[in-house]
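J.:
Residue numbers (our numbering): 17 to 490.
1) In this structure, does DSSP put residue 461 in helix, strand or coil?
2) Mind checking which residues open and close the beta strand (DSSP E) that includes residue 219?
3) May I ask you to report which of helix, strand or coil DSSP gives residue 489?
4) Below 6 angstroms CB to CB, which residues in the same chain sit around residue 270 once its five sequence neighbours on both sides are set aside?
5) Among residues of its own chain, excluding the 5 on either side of residue 469, which ones have a beta-carbon nearer than 7 angstroms to its beta-carbon?
6) I need the straight-line Cα distance from residue 227 to residue 239, nearest angstrom please.
7) Kindly identify the DSSP beta-bridge partner or partners of residue 429.
8) Does DSSP put residue 373 in a helix, a strand or coil?
9) For residue 480, which residues of its own chain have a beta-carbon under 8 angstroms away from its beta-carbon, when the five flanking residues on both sides are left out?
10) Does the region 280-296 come into contact with the region 197-216, if we say contact requires no fewer than three beta-carbon pairs (one atom in each stretch) closer than 8 angstroms?
11) Over the uninterrupted alpha helix (DSSP H) stretch that includes residue 335, give me the two end residues.
12) Where in the region 69-150 do unbroken runs of the beta strand (DSSP E), each at least 3 residues long, occur, reported from the N-terminal end onward?
13) What is the DSSP secondary structure of residue 437, counted as helix, strand or coil?
14) Between the Cα of residue 349 and those of 379, 236, 425, spot the shortest distance and give me the residue it belongs to.
15) Cutting at 6 angstroms between CB atoms, please list the residues of its own chain near residue 419, excluding the five before and the five after it.
16) Using the three-state DSSP reduction, which class does residue 56 fall into: helix, strand or coil?
17) Any idea what DSSP makes of residue 483, helix, strand or coil?
18) Decide yes or no for the touch test of the region 171-185 against the region 334-342: beta carbon pairs closer than 8 angstroms, at least 3 of them.
19) If I follow the unbroken beta strand (DSSP E) through residue 280, where does it start and stop?
20) Starting from residue 320, trace the alpha helix (DSSP H) in both directions and tell me its first and last residue.
21) Just to confirm, is the Cβ distance from residue 65 to residue 254 under 9 angstroms?
22) Have a look at the DSSP bridge pairing and note the partners of residue 412.
23) Are the CB atoms of residue 251 and residue 341 within a distance shorter than 9 angstroms?
24) Just confirm the distance between the C-beta atoms of residue 248 and residue 258, as a whole number of angstroms; I'd bet it's less than 8 angstroms.
25) For the alpha helix (DSSP H) that contains residue 239, what are its first and last residues?
26) Check for me: the alpha helix (DSSP H) holding residue 260 runs from which residue to which?
27) Starting from residue 296, trace the beta strand (DSSP E) both ways and give me its first and last residue.
28) Here's a check: name, in chain order, each residue in its chain whose Cβ is nearer than 6 angstroms to the Cβ of residue 122, leaving out the five neighbours to either side.
29) If you reduce the DSSP assignment to three classes, tell me which class residue 309 lands in.
30) Do residue 230 and residue 77 have their C-beta atoms closer together than 9 angstroms?
31) Leaving out five residues on either side along the sequence, give the residues of the same chain with a beta carbon under 6 angstroms from the beta carbon of residue 261.
32) Compute the Euclidean distance between the alpha carbons of residue 197 and residue 141, then round it to the nearest angstrom.
33) Bridge partners for residue 315 per DSSP, in chain order?
34) What three-state label does DSSP hand residue 202 in the structure shown?
35) What does residue 245 pair with, by DSSP beta-bridge criteria?
36) Do you know how far the Cα of residue 73 is from the Cα of residue 408?
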């Protein structure tokens, strides 16, 4: 007769597996967006709209003042929003760079005292500055592309096409956005300098502006980048957020003149809606030397990025709703290739103090700028993710900011760590505020304080100022 003997090793292993499974389940539950924030988490967007367009628009317009007041209160609580220009101009000389740390500290706290604390201590005491937390979309439960007023006005004037939403407005003050229109520098004609003529490229003027400068293939690529196609909030269906049926938006409505105008939307890679994060439009300058594209998607070519944007950023990553609203599916060989070639022409602005290796020329740089370079490549460890000469490593990194705060809700967004994010180039960084993937940092001084705290650098005040001076040279 067999004895029912248990193997102590296998029993221990089973118990360990059960414990690990339980721990994983607990972590999974903790990671979920709470029901009070998102009571009905979904993967797909609603295809059938139950209410008629007029009813939806009237309700959205009625709610809009409250939506914008709530976002304004959040911004004022987080930041010093005053206009404090420095004596440094952006590359087109059309707007000064803003100066000073704008993120507000908790009462009776200083940056030095905060930097001396351990992440766990900051988290336990809830002392992580609110301005360092992810920034919610101005209307997070709805999301979608939101354009600054200058872009809206100029496209209305040039094309008689509206980029103005009836449910939400752009939320940041103009002085924290890039110069407008941005200058245009081309890799093929560096001798020309800025070829924008102080104008915003549009379907109305691109040919006259670029005739004799671009090749036929490049000109066709530019035409396609400026052609509006249906998008989630800008289309001809009842499921839109613009008053009249719309042709849509173009690639360069956000990437104005191949740069950025600080338009924002939500990342298409995450569900549910409350867990998605705000995306500040990134510049297309320097695409020719970048190997991955998108904050989270890690697309491996400009062609992939161009093609997939029609299904992702344009329609919240939902191919079903894209089919309903009229997704544009450009042909890879005859259209995408031309659009990609044009994007690869947008160059960085000139940086006269940098040598061919992307480092400062000692004969041209100030003592403070040279110290900043030393900190950047040394104690600051900035070059670990942003090496010269292009100041990006084409990798994705996780700063593990969740060490510093507990998850929470803020204006409809579930504030939680986002994981690995692409390292964006720092070339020309002074001309593309706000900073970080979601635009949560308004100035370069803010970014220095953020990384000093999150990466536990313990920089001195002199080193911080020098680092800002160096980055303004890039």
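Quick reminder that beta carbons are idealized off the backbone N, C-alpha and C, glycines included.
T.: For this structure:
1) helix
2) Premise fails: residue 219 is in no beta strand (DSSP E) and is neither H nor E.
3) Coil at residue 489, not helix or strand.
4) So the qualifying residues of the chain are 279, 297.
5) 130, 131
6) 12 angstroms
7) 426
8) coil
9) Beyond the five residues adjoining it in sequence on each side, residue 480 comes within less than 8 angstroms, by CB distance, of 461, 464, 465, 468 in the same chain, given in chain order.
10) no
11) Counted as a single uninterrupted DSSP element, the alpha helix (DSSP H) harbouring residue 335 occupies residues 335-341.
12) 101-105, 112-114
13) strand
14) 236
15) Apart from the 5 residues on each side of it in sequence, residue 419 sits with its Cβ closer than 6 angstroms to the Cβ of 135 in its chain, given in chain order.
16) coil
17) helix
18) By the Cβ criterion, the region 171-185 is not in contact with the region 334-342, since fewer than three pairs of Cβ atoms, one from each stretch, lie closer than 8 angstroms.
19) 280-282
20) 318-325
21) yes
22) 438.
23) Contact annotation: residue 341 and residue 251 have beta-carbon atoms nearer than 9 angstroms.
24) 11 angstroms between Cβ atoms; not a contact.
25) 232-241
26) That residue, residue 260, is in no alpha helix (DSSP H); it is neither H nor E in DSSP.
27) 294-296
28) The residues are 143.
29) strand
30) no
31) So the qualifying residues of the chain are 252.
32) 44 angstroms
33) 309
34) Collapsing the DSSP output to three states places residue 202 in a strand.
35) 265
36) 43 angstroms
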